[in-house]
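**Student:**
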Amino acid sequence: MAAASLLPRGRCPPLLAGEAPRPLAVPSRRPLPRREAAARAFRTARGGLPGVTGGLLGASLAAHARRRQRRCRQHSRLDSAVVPAAIPARAPNLGGLTNEASKIVVALDVDEVLAQYLKAFIAYYNQKRGRNLQVKDFYVYHFWEVTGTDYDDTMEDIYDFHTTDIFRNIEPVPGSQAAVTALAKLPRVELHIVTSRQENIAEETCLWLGRHFPGVFKEERIHIGNHYGRSGPRISKSRICTEIGAGLLIDDSWEYCEELAKAGTPAVLFDLDGAYPWSREEGMVHDLVTRVRDWGGAVDLVSKWASGESA
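Sequence positions in the sequence shown follow my numbering and run 3 to 313.
1. Write down every uninterrupted run of the beta strand (DSSP E) in the stretch 98 to 147 whose length is 3 residues or greater and which is fully enclosed by it, in chain order.
2. With DSSP as the reference, please indicate the residues paired to F272 in a beta bridge.
3. Is the beta carbon of E206 sitting closer than 8 Å to the one on R170?
4. If we call anything under 8 Å between Cβ atoms a contact, is E192 one with V270?
5. Examine the Cβ distances between the stretch 290 to 302 and the stretch 270 to 279 and report whether three or more of them are shorter than 8 Å.
6. State the Cα-Cα distance for the pair V137 and I124, rounded to the nearest angstrom.
7. What residue range does the alpha helix (DSSP H) around V196 cover?
8. How about I226 and R199: do their beta carbons lie closer than 8 Å?
9. Per DSSP, what are the beta-bridge partners of I252 in this structure?
10. Rounded to the nearest angstrom, how far is the Cβ of V196 from that of K239, given a contact under 8 Å?
11. Quick check on DSSP: helix, strand or coil for W307?
12. On the three-state DSSP scale, how would you describe P174?
13. With S240 as the anchor, note down where its alpha helix (DSSP H) starts and where it stops.
14. Quick check on E206: does DSSP put it in helix, strand or coil?
15. So G231 packs on E201, CB below 8 Å; how close in whole Å?
16. Give the straight-line distance between the Cα atoms of K306 and R133, rounded to the nearest whole angstrom.
17. Alpha carbon to alpha carbon, how far is R282 from S309?
18. If you draw a straight line from the alpha carbon of R223 to that of I252, how long is it in whole angstroms?
19. Which of the three DSSP states, helix, strand or coil, is assigned to H164?
20. Report the rounded CA-to-CA distance for S104 versus A186, giving the unit in angstroms.
21. In whole angstroms, what separates the C-alpha of E158 from that of G234?
22. For G337, which residues in the same chain have their Cβ closer than 8 Å to its Cβ, ignoring the five residues on either side in sequence?
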């Protein structure tokens, strides 16, 4: 992405086709938050907000997130042998590592959280291939498994889709614009974008965010994982969130949420109106993952968290 930042440090080994991005291996000398204590705090803070399943983030968990930020900043000053300085950056600063200690970084996914990517792709794909797919058909977010086509052919369709006006004119997720505006006004919250989108559509992504969420996301706070890029490093969301000191991730993928939760970072699993089949995985019950069914639930949860932090 010409206008977006990539992480300035670290190297991820190349992935095989279809392989999930690997999480960052944390050096043993780096202090880790006490995961059991975080989970206990999360369970203690559970509440009954409408549209929220799994609880609220209380003051104790917010304090845990702040301590995690400080540790990330301390880690960033360690020698480069811990994380090799190999990934090029388009911007030298990471807001999550340089913001005030009182700020908590909230990382937002783009597709299906802010942008109705799948709805637009299906419109393009059905027209191109003469199919009649619907959002409800996507029980997984690996498109080739739903379309029944070869992985490489599906990826070519995706790359072609990114060149169309349908892609450039993707509609925002209902409620997302008002919600992001509300979250951006919270004094203790700093919003970042953490997306698995490819680097070659970074500029289009930044332009889209600027049109629909004007003035909210600074360039240095947009982070690209490049998970299915044709070239360049692929960076896991857990690694990006670690690097920016994220205290919370809002994402529609149960896999990403679970990955973050296992690393000790709370996550909000966004399942709009319960209509995202790929976001549901039987047996996923991690204490640090909270499911919401709309942006109202997400805003209430984060607002409660921020209120507890300032108390």
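The beta carbon of each residue, even a glycine, is placed where N, CA and C say it ideally should be. It should be emphasised that the depicted structure is a prediction, and the values quoted were computed from it without experimental measurement.
**Tutor:** Looking at the atomic coordinates:
1. Look at the stretch 98 to 147 and you find these whole runs of beta strand (DSSP E), each 3 residues long or longer: 106 to 110.
2. V294
3. yes
4. no
5. yes
6. In this structure, the CA atom of V137 is about 8 Å from the CA atom of I124.
7. For V196, there is no enclosing alpha helix (DSSP H); the residue is found in the beta strand (DSSP E) stretching over V191 to T197.
8. In this structure, the beta-carbon distance from I226 to R199 falls below 8 Å.
9. L110 and V270
10. In this structure V196 is in contact with K239, their Cβ atoms being roughly 6 Å apart against a cut-off of 8 Å.
11. DSSP places W307 in helix when its eight states are reduced to three.
12. strand
13. K239 to I246
14. helix
15. Indeed, because the Cβ distance is near 5 Å, the residues count as touching under 8 Å.
16. 44 Å
17. 29 Å
18. In a straight line, the C-alpha of R223 is about 15 Å away from that of I252.
19. H164 falls in the coil class under three-state DSSP.
20. 15 Å
21. 17 Å
22. Past the edges of the chain, shown from 3 to 313, lies residue 337, and the structure says nothing about it.
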